[in-house]
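Visitor: The structure under discussion is supplied below as structure tokens; questions concerning it will follow.
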Amino acid sequence: MADAPVNDAPFRLLSGVEFGEGVIVYSFTNLYGCRIGDRSRIGTFVEIQRGAVIGRDCKIQSHTFVCDGVTIGDEVFVGHGVMFINDRRPRATNEDGSLQTDADWTLLPTVVERRVSIGSGAVVMGGVRIGEGALIGAGAVVTRDVAPGETVAGVPARLLAPRR
Amino acid sequence: MADAPVNDAPFRLLSGVEFGEGVIVYSFTNLYGCRIGDRSRIGTFVEIQRGAVIGRDCKIQSHTFVCDGVTIGDEVFVGHGVMFINDRRPRATNEDGSLQTDADWTLLPTVVERRVSIGSGAVVMGGVRIGEGALIGAGAVVTRDVAPGETVAGVPARLLAPRR
Amino acid sequence: MADAPVNDAPFRLLSGVEFGEGVIVYSFTNLYGCRIGDRSRIGTFVEIQRGAVIGRDCKIQSHTFVCDGVTIGDEVFVGHGVMFINDRRPRATNEDGSLQTDADWTLLPTVVERRVSIGSGAVVMGGVRIGEGALIGAGAVVTRDVAPGETVAGVPARLLAPRR
């Protein structure tokens, strides 16, 4: 593992990240407590939270948010402005009005398998599995599992093409 | 009222903001001329414009844009990448080609009531009222009022579940 | 042409940009190798890539991504969180697992004609032409050409109103 990205760039916040070899991280990024595999590239305006794992040879494009509980396999393309979600019914506060903490909700883990491609502007709900080589259309809202090789699109995302 | 957030964080632009007590503002944020209630937390890559009001105990998540004319109640959750809108037909220029100024369009005020939850990637058109405790699905485009307690989703957003 | 924006603002990355006269560029921006016409204004958290062209008197709002191959005409309004796309099937790697480079995919050029208005949260696929004065609804996913003056909305975007 490496201690840092191989490139230099201003305006980055990198805290407690496990970097693979040859990782590139662009400017205006906030990465903490996550793991980034060899040769992956992280675009501008990206936040990757503690607990997220990015595989090798991935591209995570600009304006994307990867939350805790998301595991992304090798050779995955995540487009621009993609939002991952890890809870079913997010709330700011509990019924008694107290601020929610990590103890007050259940993390829904999401798995994105090898060679998946997620189009720009897509939203991926918590708890889904996106199978190997699947294609998620731009702007799709993925609410359930996507089988390997399938192409889905729309809100909510529906099957456009079966396994190629 | 406090003069500043309680936390420190690099890369913030905070100008003329009225902060409540215990507010947390993360990095890469641009807040100006707005009001943020006690204990609310503002995520990375967030812009909140002059004239916007955020209540107490809110979470405004990363990559979200809150424009002038938006009033957010207490205990509201605004997900990641949520875009508020405050004009009906935005244009860069007037019919005569001159640049539009504040005098050239009508602000449509938006009200988000107490304990609403807005899913990631949602877009909220100007002029709507989202009633207390309503849930807006991830990726929804809210084009009209949402009654208290309702759940809506889709593009445009439609009723998924009546008042709980 | 000017060497720089007329305004000053912290946290900007401007590299090899051809600026027109009177351009304003806000903070937290990453512009490189692109061309920005006279008096246009570029919002926060915006990235504009090498090869993109922005006309005169445009507004490019916050959180928007403009990629290589996009040509935007004069007096165009691009809302907040708009994502442009320039390839049909983005992949992180080639079939042999090697990282994709510019030689491994075909750029699909996009043209946005004069006085178009693109709503917040819209996604514009590569290879489309949006005709003069057209309106793209907020949250729309534009998958094919839009004729001049048309209004489209939805996922995928469909005609709401013919030429006005």
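So the sequence lines, in the order shown, correspond to chains Y, L and S.
Count along the first sequence from 1, add 914, and you get the number used in our numbering.
Count along the second sequence from 1, add 914, and you get the number used in our numbering.
Count along the third sequence from 1, add 914, and you get the number used in our numbering.
Even for Gly, the Cβ is constructed at its ideal location relative to N, Cα and C.
Model, not experiment: these values are computed from the prediction.
(1) Compare the C-alpha of residue 955(Y) against each of 965(Y), 1037(Y), 1060(Y), 978(Y) and name the closest.
(2) So that I know if they touch, is there some Cβ in chain Y lying closer than 8 Å to that of residue 1025(S)?
(3) Under three-state DSSP, which class holds residue 1017(L)?
(4) What whole-angstrom Cβ distance do residue 989(Y) and residue 1011(S) have, given they're in contact under 8 Å?
(5) Listed in chain order, which residues of the stretch 976–1003 of chain S have Cβ atoms closer than 7 Å to some Cβ of chain L?
(6) If you measure from the beta carbon of residue 953(L) to each beta carbon in chain Y, is any gap under 8 Å?
(7) Who are the neighbours of residue 958(L) on chain Y, taking C-beta pairs under 8 Å?
(8) Establish whether the CB of residue 934(L) and some CB of chain Y are separated by less than 8 Å.
(9) If we cut at 8 Å on Cβ distances, does residue 948(Y) have a partner in chain S?
(10) For the stretch 1026–1045 of chain L, which residues have a CB atom closer than 8 Å to at least one CB atom of chain Y, in sequence order?
(11) What residues in its chain sit with their C-beta under 8 Å from that of residue 1029(Y), if we drop five residues either side in the sequence?
(12) Can you tell me which of the three DSSP states residue 944(L) falls into?
(13) Decide yes or no for the touch test of the stretch 963–972 of chain S against the stretch 939–955 of chain S: beta carbon pairs closer than 8 Å, at least 3 of them.
(14) Does residue 1058(Y) pass the burial test, meaning 16 or more other C-beta atoms within 10 Å, or should it be called exposed?
(15) Going by DSSP, what residue range makes up the beta strand (DSSP E) through residue 999(L)?
(16) When DSSP builds the beta bridges, which residues end up paired with residue 949(L)?
(17) Return no unless some Cβ of chain Y is closer than 8 Å to the Cβ of residue 1011(S).
(18) Quick one: is residue 1018(L) buried, meaning 16 or more other Cβ sit within 10 Å of its Cβ, or exposed?
(19) Run through the DSSP bridge pairs and tell me what residue 1069(L) is partnered with.
(20) Quick check on residue 1022(S) - is its C-beta less than 8 Å from some C-beta in chain Y?
(21) Taking the beta carbon of residue 944(L) as the centre, do at least 16 other beta carbons fall within 10 Å, making it buried, or is it exposed?
(22) Against chain L, with Cβ distances strictly below 8 Å, would residue 1006(Y) count as a contact?
(23) Classify residue 1076(Y) as buried or exposed, calling it buried when 16 or more other Cβ atoms lie within 10 Å of its own Cβ.
(24) Scan the stretch 1050–1065 of chain Y for residues whose Cβ lies nearer than 9 Å to a Cβ of chain L and list them as they occur along the chain.
(25) Mapping the DSSP letters down to three states, classify residue 1029(S) as helix, strand or coil.
(26) When we look at the beta-carbon of residue 997(Y) and count the other beta-carbons within 10 Å, is it buried (16 or more) or exposed?
(27) List, in chain order, every chain S residue whose beta-carbon is nearer than 7 Å to that of residue 922(Y).
(28) Taking just the CA atoms, how far does residue 1071(Y) sit from residue 1032(Y)?
(29) Check whether the Cβ atoms of residue 923(Y) and residue 933(Y) sit closer than 8 Å, and answer yes or no.
(30) Please list, in chain order, the chain S residues whose beta carbon lies closer than 9 Å to that of residue 1068(Y).
(31) Would you mind reading off the limits of the beta strand (DSSP E) that contains residue 984(Y)?
(32) So if DSSP puts residue 1056(S) in a beta bridge, which residue, or which two residues, is it bridged to?
(33) So is residue 1073(S) buried or exposed if we call it buried at 16+ other beta carbons inside 10 Å?
(34) Would a C-beta distance cut-off of 8 Å place residue 1068(Y) and residue 1069(S) closer than the cut-off?
Guide: Quick answer:
(1) Counting from 1 along the first sequence, the entry for residue 955(Y) is found at position 41. Among 965(Y), 1037(Y), 1060(Y), 978(Y), the Cα nearest to that of residue 955(Y) belongs to 978(Y).
(2) For this step, residue 1025(S) is matched to residue 111 along the third sequence. No, no contact with chain Y.
(3) On the second sequence, residue 1017(L) is found 103 positions in, with the first residue counted as 1. Note: residue 1017(L) maps to helix in three-state DSSP.
(4) The residue you call residue 989(Y) lines up with position 75 of the first sequence. The residue you call residue 1011(S) lines up with position 97 of the third sequence. Confirmed, about 7 Å.
(5) 976, 977, 989, 990, 991, 993, 994, 995
(6) Counting from 1 along the second sequence, the entry for residue 953(L) is found at position 39. So yes, residue 953(L) belongs to the interface.
(7) The residue you call residue 958(L) lines up with position 44 of the second sequence. Correct list: 944, 961.
(8) As a working note, residue 934(L) is residue 20 in the second sequence. No, no contact with chain Y.
(9) For the purposes of this step, residue 948(Y) is taken as the residue at position 34 of the first sequence. Judged by the 8 Å Cβ criterion, residue 948(Y) is not in contact with chain S.
(10) 1029, 1031, 1033, 1034, 1035
(11) Start at 1 with the first residue of the first sequence, and residue 1029(Y) comes out as number 115. If we look at residue 1029(Y) and ignore the five residues flanking it on each side, its Cβ neighbours are 987, 988, 989, 990, 1046, 1047.
(12) On the second sequence, residue 944(L) is found 30 positions in, with the first residue counted as 1. Residue 944(L) falls in the strand class under three-state DSSP.
(13) yes
(14) Here residue 1058(Y) refers to the residue found at position 144 when the first sequence is read from its first residue. Exposed, since its Cβ has fewer than 16 Cβ neighbours within 10 Å.
(15) Position 85 of the second sequence, counted from the start, is the residue given in the question as residue 999(L). Neither: residue 999(L) is in no beta strand (DSSP E) and is coded neither H nor E.
(16) Taking the first residue of the second sequence as position 1, residue 949(L) is located at position 35. DSSP, once it has assigned bridges, lists 932(L), 967(L) as partnering residue 949(L).
(17) The residue given as residue 1011(S) occupies position 97 in the third sequence. Yes, its Cβ sits closer than 8 Å to a Cβ of chain Y.
(18) Locating residue 1018(L) in the second sequence gives position 104, counting from the first residue. Label assigned to residue 1018(L): exposed.
(19) Working through the second sequence from its first residue, we reach residue 1069(L) at position 155. None, per the DSSP bridge assignment.
(20) Translated into positions along the third sequence, residue 1022(S) becomes position 108. So no, residue 1022(S) is outside the interface.
(21) In the second sequence, counting from the first residue as 1, residue 944(L) sits at position 30. Buried, because 16 or more other Cβ atoms sit within 10 Å of the Cβ of residue 944(L).
(22) Here residue 1006(Y) refers to the residue found at position 92 of the first sequence. So yes, residue 1006(Y) belongs to the interface.
(23) The sequence position of residue 1076(Y) within the first sequence is 162, counting from 1. So residue 1076(Y) ends up on the exposed side.
(24) 1053, 1054, 1055, 1057
(25) Locating residue 1029(S) in the third sequence gives position 115, counting from the first residue. Coil.
(26) If you number the first sequence from 1, residue 997(Y) lands on position 83. By the neighbour-count rule (16 or more Cβ atoms within 10 Å), residue 997(Y) is buried.
(27) Working through the first sequence from its first residue, we reach residue 922(Y) at position 8. Near residue 922(Y) there are no residues of chain S at all, since even the closest Cβ is about 13 Å away, more than 7 Å.
(28) Here residue 1032(Y) is taken as the residue at index 118 of the first sequence, counted from 1. Here residue 1071(Y) is taken as the residue at index 157 of the first sequence, counted from 1. Distance between the alpha carbons of residue 1032(Y) and residue 1071(Y) is about 12 Å.
(29) Translated into the one-based positions of the first sequence, residue 923(Y) becomes position 9. Translated into the one-based positions of the first sequence, residue 933(Y) becomes position 19. No, the Cβ-Cβ distance between residue 923(Y) and residue 933(Y) is not below 8 Å.
(30) Translated into positions along the first sequence, residue 1068(Y) becomes position 154. What residue 1068(Y) touches in chain S: 1055, 1069, 1070.
(31) Translated into the one-based positions of the first sequence, residue 984(Y) becomes position 70. Start and end: 984–986.
(32) By 1-based counting over the third sequence, the position of residue 1056(S) is 142. Bridge partners of residue 1056(S): 1038(S).
(33) The residue you call residue 1073(S) lines up with position 159 of the third sequence. Exposed.
(34) Looking up residue 1068(Y) in the first sequence gives position 154. Looking up residue 1069(S) in the third sequence gives position 155. Cβ atoms of residue 1068(Y) and residue 1069(S): closer than 8 Å.
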